[in-house]
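**Student:** Each step along the sequence shown adds one to the number in the working numbering, with nothing skipped, and position 314 is 545.
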Amino acid sequence: MRNWLLPEYIADILPATARQVESAKAAMLEGFRVAGYELVLPPLIEYIDSLIGEEDASLELKTFKLDDQLSGRQMGLRADITPQVSRIDAHLLGERTGVTRLCYAGSVVHTRPDGLAGSREPLQVGAELYGYAGIEADLEIIELMLGTLERAGVSGLRLDFGHMAIYRGIAAAAGLSAETSRALFAKLQSKDVASIRELVSDVAEPYRSAFLALPELYGPIEELDRARSRLPSLPEVELGLMQLSAVAKALEGRVALSFDLTELRGTQYHNGLLFAAYAEGWAEELARGGRYDNVGRRFGRARPATGFSLDLRDLIRILPEQGSVRGIRLAAKHWPQARAEVARLRAAGEMVVIDYLGESAQALNCDRELTQDGSDWHVVSFN
Numbered sequence: 232m233r234n235w236l237l238p239e240y241i242a243d244i245l246p247a248t249a250r251q252v253e254s255a256k257a258a259m260l261e262g263f264r265v266a267g268y269e270l271v272l273p274p275l276i277e278y279i280d281s282l283i284g285e286e287d288a289s290l291e292l293k294t295f296k297l298d299d300q301l302s303g304r305q306m307g308l309r310a311d312i313t314p315q316v317s318r319i320d321a322h323l324l325g326e327r328t329g330v331t332r333l334c335y336a337g338s339v340v341h342t343r344p345d346g347l348a349g350s351r352e353p354l355q356v357g358a359e360l361y362g363y364a365g366i367e368a369d370l371e372i373i374e375l376m377l378g379t380l381e382r383a384g385v386s387g388l389r390l391d392f393g394h395m396a397i398y399r400g401i402a403a404a405a406g407l408s409a410e411t412s413r414a415l416f417a418k419l420q421s422k423d424v425a426s427i428r429e430l431v432s433d434v435a436e437p438y439r440s441a442f443l444a445l446p447e448l449y450g451p452i453e454e455l456d457r458a459r460s461r462l463p464s465l466p467e468v469e470l471g472l473m474q475l476s477a478v479a480k481a482l483e484g485r486v487a488l489s490f491d492l493t494e495l496r497g498t499q500y501h502n503g504l505l506f507a508a509y510a511e512g513w514a515e516e517l518a519r520g521g522r523y524d525n526v527g528r529r530f531g532r533a534r535p536a537t538g539f540s541l542d543l544r545d546l547i548r549i550l551p552e553q554g555s556v557r558g559i560r561l562a563a564k565h566w567p568q569a570r571a572e573v574a575r576l577r578a579a580g581e582m583v584v585i586d587y588l589g590e591s592a593q594a595l596n597c598d599r600e601l602t603q604d605g606s607d608w609h610v611v612s613f614n
């Protein structure tokens, strides 16, 4: 039996990549900190009714479930940290009445990968802003997301926008059943026009035409006026298009922008503006976010909320490789006498490696050596 094999879409992160992942994660969390976002560390496992709301069937399918042998209740391994952070804001930080900014970094576990190159154990890093419904909060989160990717070394960024309220407003006005709405939601994301036409064949006008128009409403942000001319005049549609225009105006010249009104791949708790970041030469999204007002209602406090997240395991594949960190070799025979000097060097951030076997500098990943000259210690480069 090859018991060293891992399950499909589960992988170890080896030393060079692990160092880069941890370095990037630390830089991201520091970027969040200086923007006023406080770090929280939710548990990997919770009761299932805390992890999954009734409205989010897609998240339920992603979640591993198990029975708690202490309570007998069903538990789940988290598939998304955002609901956990919403619980913290609503319940554990419920005394805060103003704006709350929270951030996180941790592994999540999925029953299936999101794509052929995906992992079933993403490393989710993100930030959330609670307590302010204005578009300024969405812009703050978008700027934080862009800055996070740029500081990590990503260039050639492009933002793609959608708006969940536009679809939901049309679906509500058309009187779609929950089952039809879910099916249509899925077909819109894949732009399956034939299936969309079949699903809306009995829908009254102007809503039937609106659903058929949605797959065609994408492109440069300047073409939003085309959407206005083809969609019904509903409050949700007007608000969604107005917010898309406001965000586009605020970000003009900052980054390349586009929109796609079938870009609805946020989880079903999202209810407003949606956005995703892409990089030149990379087909998959690098980060994603949006507005999810009132997701904390099931925890006892409904609040405006917006945020973004990324999978650092996925992102690391396109980041520039870090240079190898070289250390200082110390022959094991000198270790007892060199303890104080080794402690000083390590406190200064140097890597000092004790050589027990007389290995090569390359094997030890060292380019210098700690040598003794009388009572003094010197760091010298290998010739």
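We put the beta carbon where it would ideally sit given N, CA and C, even for glycine.
From a predicted model like this one, the values you see are computed outputs, not experimental measurements.
Can you list, in chain order, the stretches of the beta strand (DSSP E) that have 3 or more residues and sit fully within the stretch 482 to 519?
**Tutor:** DSSP runs (the beta strand (DSSP E)) wholly in the stretch 482 to 519: 487 to 491, 504 to 510.
**Student:** Count Cβ pairs between the stretch 353 to 370 and the stretch 444 to 462 that sit closer than 8 Å; are there 3 or more?
**Tutor:** no
**Student:** Gly588 by DSSP, collapsed to three states: which one?
**Tutor:** Before going on, a small fix: residue 588 reads as Leu here, not Gly. If DSSP states are grouped into helix, strand and coil, Leu588 belongs with coil.
**Student:** With DSSP run on the structure shown, which of helix, strand or coil describes Glu552?
**Tutor:** coil
**Student:** Would you call the stretch 438 to 446 and the stretch 393 to 411 touching, i.e. three or more CB-CB distances under 8 Å?
**Tutor:** A contact between stretches requires three or more CB pairs, one per stretch, nearer than 8 Å, and the stretch 438 to 446 meets this requirement with the stretch 393 to 411.
**Student:** Rounding to the nearest angstrom, what Cα-Cα distance links Cys334 and Glu410 in this structure?
**Tutor:** 35 Å
**Student:** Enumerate in chain order the residues of its own chain whose CB-to-CB distance from Gly507 is below 6 Å, with the five nearest sequence positions on each side excluded.
**Tutor:** The sequence given here places Ala at residue 507; Gly does not occur at that position. Only Asp391, Glu516, Arg519 meet the Cβ criterion.
**Student:** Where do the ends of the beta strand (DSSP E) carrying Trp608 lie?
**Tutor:** It spans 607 to 612 - the beta strand (DSSP E) in which Trp608 sits, taken as one unbroken run.
**Student:** For the beta strand (DSSP E) containing Glu277, list its first residue and its last residue.
**Tutor:** 276 to 278
**Student:** Determine the closest residue to Gly589 out of Ile312, Arg560, Gly605, Arg570, with distance taken between C-alpha atoms.
**Tutor:** Arg560
**Student:** Could you work out which residue in Ala358, Leu407, Ala258, Ser612 is closest to Leu601 when comparing CA atoms only?
**Tutor:** Ser612
**Student:** Excluding the five sequence neighbours on either side, which residues of its own chain have a C-beta within less than 6 Å of the C-beta of Val330, listed in chain order?
**Tutor:** Gly362, Tyr363
**Student:** Out of Asp311, Ser254, Gln251, Met306, which has the shortest C-alpha to C-alpha gap to Tyr500?
**Tutor:** Asp311
**Student:** Could you give the C-beta distance for Val617 and Leu595, rounded to a whole number, given that I count them as a contact under 8 Å?
**Tutor:** The chain is shown from 232 up to 614; residue 617 falls before or after that span and cannot be answered.
**Student:** Name the one or two DSSP bridge partners that Ala562 has.
**Tutor:** Asp586
**Student:** Nearest CA to the CA of Leu550: which residue from Arg599, Ile241, Pro314, Trp513?
**Tutor:** Trp513
**Student:** Nearest CA to the CA of Arg343: which residue from Ser289, Arg461, Asn525, Ala578?
**Tutor:** Ser289
**Student:** One question on the structure: do Leu538 and Leu260 come within less than 9 Å of each other, judged by their Cβ atoms?
**Tutor:** Sequence check: residue 538 is Gly here, not Leu. Not in contact: Gly538 and Leu260 (Cβ atoms no closer than 9 Å).
**Student:** By DSSP, does Glu374 sit in helix, in strand, or in coil?
**Tutor:** helix
**Student:** Enumerate in chain order the residues of its own chain whose CB-to-CB distance from Lys256 is below 8 Å, with the five nearest sequence positions on each side excluded.
**Tutor:** Ala336, Leu354, Val356, Leu543
**Student:** Whole angstroms are fine: how far does the CA of Met376 sit from the CA of Ser460?
**Tutor:** Roughly 32 Å separates the two Cα atoms.
**Student:** Can you tell me the Cα-Cα spacing of Leu407 and Arg250, whole angstroms?
**Tutor:** 50 Å
**Student:** Quick test of the definition: if touching needs 3 or more C-beta pairs under 8 Å, does the stretch 555 to 574 touch the stretch 521 to 536?
**Tutor:** no
**Student:** Buried or exposed, going by whether 16 or more other CB atoms sit within 10 Å of the CB of Thr328?
**Tutor:** exposed
**Student:** The beta strand (DSSP E) with Arg389 in it runs from where to where?
**Tutor:** 388 to 394
**Student:** Name the DSSP bridge partner or partners of Tyr523?
**Tutor:** None; Tyr523 has no bridge partner.
**Student:** Is the CB-CB distance between Ala358 and Tyr268 below 9 Å?
**Tutor:** yes
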